[in-house]
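Number of protein chains: 2
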Amino acid sequence: MVTDPTAQLRRGVAEQCVLGLLRERARYGWELAETLGEHGLVASIGTLYPLLARLRSRGLVEAFERESETGPTRKYYRLTDAGRRELAAFRGQWAEFSRTVDDLLGREPE
Amino acid sequence: MVTDPTAQLRRGVAEQCVLGLLRERARYGWELAETLGEHGLVASIGTLYPLLARLRSRGLVEAFERESETGPTRKYYRLTDAGRRELAAFRGQWAEFSRTVDDLLGREPE
DNA sequence: AGACACTATCTTGTGACGCAAGATAGCGGA
DNA sequence: TCCGCTATCTTGCGTCACAAGATAGTGTCT
Numbered sequence: 014m015v016t017d018p019t020a021q022l023r024r025g026v027a028e029q030c031v032l033g034l035l036r037e038r039a040r041y042g043w044e045l046a047e048t049l050g051e052h053g054l055v056a057s058i059g060t061l062y063p064l065l066a067r068l069r070s071r072g073l074v075e076a077f078e079r080e081s082e083t084g085p086t087r088k089y090y091r092l093t094d095a096g097r098r099e100l101a102a103f104r105g106q107w108a109e110f111s112r113t114v115d116d117l118l119g120r121e122p123e
Numbered sequence: 014m015v016t017d018p019t020a021q022l023r024r025g026v027a028e029q030c031v032l033g034l035l036r037e038r039a040r041y042g043w044e045l046a047e048t049l050g051e052h053g054l055v056a057s058i059g060t061l062y063p064l065l066a067r068l069r070s071r072g073l074v075e076a077f078e079r080e081s082e083t084g085p086t087r088k089y090y091r092l093t094d095a096g097r098r099e100l101a102a103f104r105g106q107w108a109e110f111s112r113t114v115d116d117l118l119g120r121e122p123e
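So, in structure tokens, the structure goes:
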């Protein structure tokens with residue numbers, strides 16, 4: 014098994030990106046996994062459910078069920094006020110962190 | 014023990030920032046730890062030595078010893094050609110990754 | 001009916017790696 | 001001698017993404 018080294022980058026970030034995706038509307042797990050997968054932020058849907066459980070136990074999201082017209086019942090997640098605050102705080106941390114990394118990596122792209 | 018959640022962000026990144034710091038000149042472990050510590054990229058010097066050993070075993074850096082005028086012998090590290098290529102490749106991956114995260118977090122800072 | 005594909009959730013075991021703490025040792029000064 | 005600073009390396013732990021698989025509801029085709 015070759016274990017993609019970029020997987021390490023996603024640690025702690027995938028979680029916050031879920032909060033980001035929920036800031037405008039509630040979404041269900043499968044939907045989040047597809048979106049994050051397209052952006053390369055989770056490699057496997059198995060990653061997502063424990064992550065959502067963690068967010069929930071920290072009170073950053075809350076869940077409710079709604080039936081689908083075409084398949085099994087879906088579990089939707091929405092941001093709580095605490096989740097919104099967490100997201101805002103993380104945006105600041107991320108901005109500083111990514112700027113620092115940009116500096117340390119150096120700018121020359123060639 | 015409270016385990017700083019931002020520690021997760023550093024995973025996989027600290028390593029590459031070492032390569033970045035070595036791109037202009039060789040540095041020794043203690044020096045790297047101080048610099049990275051100031052930038053908040055390693056919380057403890059204990060993190061650094063296993064990291065350097067990994068970079069070395071992957072052939073991305075090479076080491077040589079040089080005596081200090083004021084203390085114990087230092088072990089310096091310099092980039093190899095492979096390390097330089099790795100750094101260049103990672104810069105591209107990082108640019109894409111951080112842009113994606115910026116998007117998913119959303120832009121409104123308030 | 002039965003078989004299959006698709007959607008959907010959740011669980012389990014593994015591995016990578018940053019963290020805190022500490023061991024070891026050379027150096028200089030009080 | 002003792003202490004503090006520099007310097008390297010090791011150990012045990014916790015977190016979390018990954019792959020793989022279990023479970024089950026729905027729809028379609030035959």
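Chains D and L are the protein sequences, given in the same order. Numbering-wise (our numbering), the first sequence opens with residue 14 and increments by one. Numbering-wise (our numbering), the second sequence opens with residue 14 and increments by one. Positions of the beta carbon are idealized from the N, C-alpha and C atoms, including for glycine.
*Residues of the segment 14-42 of chain L whose Cβ lies closer than 7 Å to any Cβ of chain D, in chain order*: P18, T19, Q21, L22, R24, G25, V26, Q29, C30, G33, L34, R36
*asked:* Closer than 8 Å is the cut-off here; do at least three beta carbon pairs connect the segment 103-119 of chain L with the segment 52-65 of chain D?
replied: yes
*Closer than 7 Å, CB to CB, is L:T113 near chain D or not?*
yes
*Applying a beta-carbon distance threshold of less than 7 Å, which residues of chain L neighbour D:G50?*
Near D:G50 there are no residues of chain L at all, since even the closest Cβ is about 12 Å away, more than 7 Å.
*asked:* Less than 7 Å between CB atoms is the rule here; does L:G84 satisfy it with respect to chain D?
replied: no
*Is it true that the CB of D:T93 sits closer than 7 Å to the CB of D:E78?*
no
*According to DSSP, residues forming a beta bridge with L:Y41*: L:Y89
*How many angstroms separate the CA atom of L:Y89 from the CA atom of D:Y89?*
53 Å
*Have a look at L:L118 and L:A27 and give me their C-alpha separation to the nearest angstrom.*
22 Å
*Which value, in whole angstroms, describes the spacing of the CA atoms of D:L22 and L:R23?*
For D:L22 and L:R23, the distance between alpha carbons rounds to 8 Å.
*With DSSP collapsed to three states, give me the class of L:E80.*
coil
*asked:* So that I know if they touch, is there some Cβ in chain D lying closer than 7 Å to that of L:G96?
replied: no
*Backbone CA spacing between L:A108 and D:T48 [nearest angstrom]*: 20 Å
*Near L:T86, what residues of its chain come up, given a Cβ to Cβ distance below 6 Å and the 5 sequence neighbours on each side ignored?*
E78, E80
*Check the C-beta distance from L:L65 over to L:G42 and give it rounded, since I have them as a contact under 8 Å.*
6 Å
*Using the rule of at least 16 other Cβ atoms within 10 Å of the residue's Cβ for burial, across every protein chain shown, is L:E99 buried or exposed?*
buried
*In chain order, what residues of the same chain have a beta carbon less than 6 Å from the beta carbon of L:G59, not counting five sequence neighbours either side?*
none
*Between which two residues does the alpha helix (DSSP H) carrying D:L29 extend?*
Inspection of the sequence shows that residue 29 of chain D is occupied by Gln rather than by Leu. Start and end: 26-34.
*Which same chain residues, not among the five before or five after L:L33, have their C-beta less than 8 Å away from its C-beta?*
Note that residue 33 of chain L corresponds to Gly in the displayed sequence, not to Leu. L100.
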